[in-house]
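Read the structure below first, then the notes.
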Amino acid sequence: MRQRRMGTSGLSVSRLALGTMTWGRTTDEEAAREQLRTFLDAGGNLVDTAHGYSDGASEEIIGRLIDDDVQREDLVICTKSGISRRSGNRVVDTSRHSLLNQLDTSLERLGTDHVDLWLVHTWSDEAPLTETLSALEWAVSTGRARYVGVSNFSGWQVARAMSLLEQARVPLVANEVEYSLTNRSAEPDLLAAAQALGFGLLPWSPLGRGVLTGKYRNGVPADSRAASRDFPRFTARYLDDRSTGIVEALAIAAKGLEVSLTEVALAWVRDRPGVVSPVVGARTTAQLRTSLASESLELPDELVAALDEISA
Numbered sequence: 001m002r003q004r005r006m007g008t009s010g011l012s013v014s015r016l017a018l019g020t021m022t023w024g025r026t027t028d029e030e031a032a033r034e035q036l037r038t039f040l041d042a043g044g045n046l047v048d049t050a051h052g053y054s055d056g057a058s059e060e061i062i063g064r065l066i067d068d069d070v071q072r073e074d075l076v077i078c079t080k081s082g083i084s085r086r087s088g089n090r091v092v093d094t095s096r097h098s099l100l101n102q103l104d105t106s107l108e109r110l111g112t113d114h115v116d117l118w119l120v121h122t123w124s125d126e127a128p129l130t131e132t133l134s135a136l137e138w139a140v141s142t143g144r145a146r147y148v149g150v151s152n153f154s155g156w157q158v159a160r161a162m163s164l165l166e167q168a169r170v171p172l173v174a175n176e177v178e179y180s181l182t183n184r185s186a187e188p189d190l191l192a193a194a195q196a197l198g199f200g201l202l203p204w205s206p207l208g209r210g211v212l213t214g215k216y217r218n219g220v221p222a223d224s225r226a227a228s229r230d231f232p233r234f235t236a237r238y239l240d241d242r243s244t245g246i247v248e249a250l251a252i253a254a255k256g257l258e259v260s261l262t263e264v265a266l267a268w269v270r271d272r273p274g275v276v277s278p279v280v281g282a283r284t285t286a287q288l289r290t291s292l293a294s295e296s297l298e299l300p301d302e303l304v305a306a307l308d309e310i311s312a
């Protein structure tokens, strides 16, 4: 798998990242082991997790796999802090106190003394931005994080953060945001900001929360996220007429290219300006292999233009 620089930094990462949001919930440790091995064998290195994923089980599984199956130096580990669950409720806290406590917990779970990329999981008005950013400075200065960034920030929010960090000489190198053919809200400000300011975009849910795989064309499969107890609302917003039209266009393109819908959707988002590495999660290793097959696909310009128009 080819690699790209994370924005204008020196950090090299694979053109696809392995997402682990479901590890420890709907993906057990044995399945996670097989996925990680498959990803590394394909030349991938960027593994994305978060303090709050599966209430910490995702990071714990990664930590055990590092001990048993893979070498730490083969991974570029990205984790996020700022979102957790208390008494079953989602809690956002981007205070310095919470962020650094969560980072230390993540390092313990992962069994490592540093993460390669640490992101503030979401914007919050509850804590001063200067305080939030001071946690990033501290993490870099103490060696807990090699690089830092943000997640789910708008263009102006990233620009403001980068301006405040300029004197500290701690650049923001990444912003992880939802971006796909079904959700193009990152355009135009974030794509333009990424190129102008030098940070890399990491699209999450590049397959439109699973819809762009085509799995819902004939209803909701019993083993899909839309049918699960944990994730039905996660997918439901993209089961509308607009998304259906996009999926049907993808199906026509995939048939003509003799590839899967997944490959076409990933190749489209992967090659958008400013994008470094789409984050792909998979329930099974077979699904992951389909995503990895997109590495060899380059979409014709006329097809890209057609998909742009249909999904606009």
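In terms of the UniProt record's numbering, the sequence shown opens at residue 1 and continues consecutively. Each residue gets a CB set at the ideal place from its N, CA and C atoms; glycine is no exception.
In terms of residues, what are the limits of the beta strand (DSSP E) holding residue i?
{"i": "S84", "result": "83-86"}
{"i": "V91", "result": "89-92"}
{"i": "V13", "result": "12-14"}
{"i": "N175", "result": "172-178"}
{"i": "V148", "result": "145-151"}
So the candidates are the options; which of them puts its Cα closest to the Cα of residue i?
{"i": "D48", "options": "S95, L181, L110, N101", "result": "L110"}
{"i": "residue 400", "options": "D113, R64, D74", "result": "As shown, the chain starts at 1 and ends at 312. That puts residue 400 outside it, with no answer to give."}
{"i": "V211", "options": "L165, W123, A236, I77", "result": "A236"}
{"i": "V173", "options": "T182, M162, S180", "result": "M162"}
{"i": "L191", "options": "R169, L239, L207, F153", "result": "F153"}
{"i": "D122", "options": "T182, L288, R90, G24", "result": "Note on identity: in this sequence residue 122 is Thr, with Asp being the wrong assignment. Here the closest residue by C-alpha is R90."}
{"i": "A96", "options": "W138, G245, S180", "result": "It should be pointed out that residue 96 corresponds to Arg in this sequence rather than to Ala. The shortest C-alpha separation from R96 is found at W138."}
{"i": "N183", "options": "A251, R160, W204, L288", "result": "W204"}
{"i": "E258", "options": "L299, P206, G274, G56", "result": "L299"}
{"i": "Y179", "options": "I62, W268, R217", "result": "W268"}
{"i": "A42", "options": "R209, A293, E73", "result": "A293"}
{"i": "G56", "options": "Q287, R169, E108", "result": "E108"}
{"i": "A306", "options": "V264, R72, T38, V140", "result": "V264"}
{"i": "A159", "options": "A168, T142, A196", "result": "A196"}
{"i": "T244", "options": "D68, E73, S311", "result": "S311"}
{"i": "V140", "options": "P128, S124, A168", "result": "A168"}
{"i": "R85", "options": "Q102, V304, E34", "result": "Q102"}
{"i": "A32", "options": "P128, V76, V70, S296", "result": "V70"}
{"i": "T79", "options": "E34, L136, L40, P128", "result": "L136"}
{"i": "V92", "options": "T262, G149, S124", "result": "S124"}
{"i": "G149", "options": "S185, I66, I77", "result": "I77"}
If we ignore side chains and look at the alpha-carbon of each, how far apart do residue i and residue j end up?
{"i": "E126", "j": "L119", "result": "17 Å"}
{"i": "R283", "j": "T26", "result": "7 Å"}
{"i": "V13", "j": "D116", "result": "10 Å"}
{"i": "L201", "j": "T22", "result": "22 Å"}
{"i": "D301", "j": "Q157", "result": "32 Å"}
{"i": "T105", "j": "H51", "result": "8 Å"}
{"i": "A227", "j": "K215", "result": "Because A227 carries a pLDDT of 49, less than 50, the predicted location of this residue cannot be relied on, and the following value inherits that uncertainty. One C-alpha to the other measures close to 12 Å."}
{"i": "L46", "j": "A17", "result": "5 Å"}
{"i": "D271", "j": "I83", "result": "29 Å"}
{"i": "A193", "j": "G155", "result": "6 Å"}
{"i": "L266", "j": "D113", "result": "33 Å"}
{"i": "P171", "j": "R144", "result": "15 Å"}
{"i": "G88", "j": "E59", "result": "19 Å"}
{"i": "V279", "j": "L36", "result": "14 Å"}
{"i": "F199", "j": "T130", "result": "19 Å"}
{"i": "I62", "j": "D189", "result": "34 Å"}
{"i": "L181", "j": "T213", "result": "11 Å"}
{"i": "T94", "j": "A254", "result": "42 Å"}
{"i": "D308", "j": "Y53", "result": "32 Å"}
{"i": "G256", "j": "G274", "result": "28 Å"}
{"i": "S296", "j": "L75", "result": "22 Å"}
{"i": "R72", "j": "I252", "result": "42 Å"}
{"i": "Q3", "j": "D241", "result": "36 Å"}
{"i": "S81", "j": "S98", "result": "8 Å"}
{"i": "V247", "j": "G44", "result": "27 Å"}
{"i": "D68", "j": "A249", "result": "44 Å"}
{"i": "S9", "j": "T262", "result": "29 Å"}
{"i": "E34", "j": "P128", "result": "42 Å"}
{"i": "I66", "j": "D28", "result": "16 Å"}
Is residue i near the ligand ATP, in the sense that its beta carbon is under 7 Å from a heavy atom of that ligand?
{"i": "L299", "result": "The ligand content of the structure shown is nil, which means the ligand ATP is not present either."}
Pull up the CB-CB distance for residue i and residue j, whole angstroms please, since I reckon it's below 8 Å.
{"i": "E187", "j": "S151", "result": "Wrong, their Cβ atoms sit about 18 Å apart, outside the cutoff."}
{"i": "S260", "j": "T290", "result": "5 Å"}
{"i": "V133", "j": "L100", "result": "According to the sequence displayed, residue 133 carries Leu and not Val. Contact flag wrong, Cβ pair sits at about 12 Å."}
{"i": "Y147", "j": "L11", "result": "5 Å"}
{"i": "V276", "j": "M1", "result": "Their Cβ separation, rounded to whole angstroms, is 13 Å, which puts V276 and M1 out of contact at 8 Å."}
{"i": "T38", "j": "L288", "result": "6 Å"}
{"i": "G281", "j": "G19", "result": "3 Å"}
Which residue comes first and which comes last in the alpha helix (DSSP H) that contains residue i?
{"i": "E59", "result": "57-68"}
{"i": "D41", "result": "29-41"}
{"i": "V47", "result": "Per DSSP, V47 belongs to no alpha helix (DSSP H); it is in the beta strand (DSSP E), 46-48."}
{"i": "R242", "result": "241-257"}
{"i": "W23", "result": "W23 -> no alpha helix (DSSP H), and no H or E assigned at all."}
{"i": "G210", "result": "Premise fails: G210 is in no alpha helix (DSSP H) and is neither H nor E."}
{"i": "residue 314", "result": "Any question about residue 314 goes unanswered here, given that the chain covers just 1 to 312."}
{"i": "D104", "result": "96-110"}
{"i": "Q287", "result": "285-292"}
Give the DSSP bridge partners of residue i, in chain order.
{"i": "R4", "result": "V13"}
{"i": "T79", "result": "W118"}
{"i": "G200", "result": "A174"}
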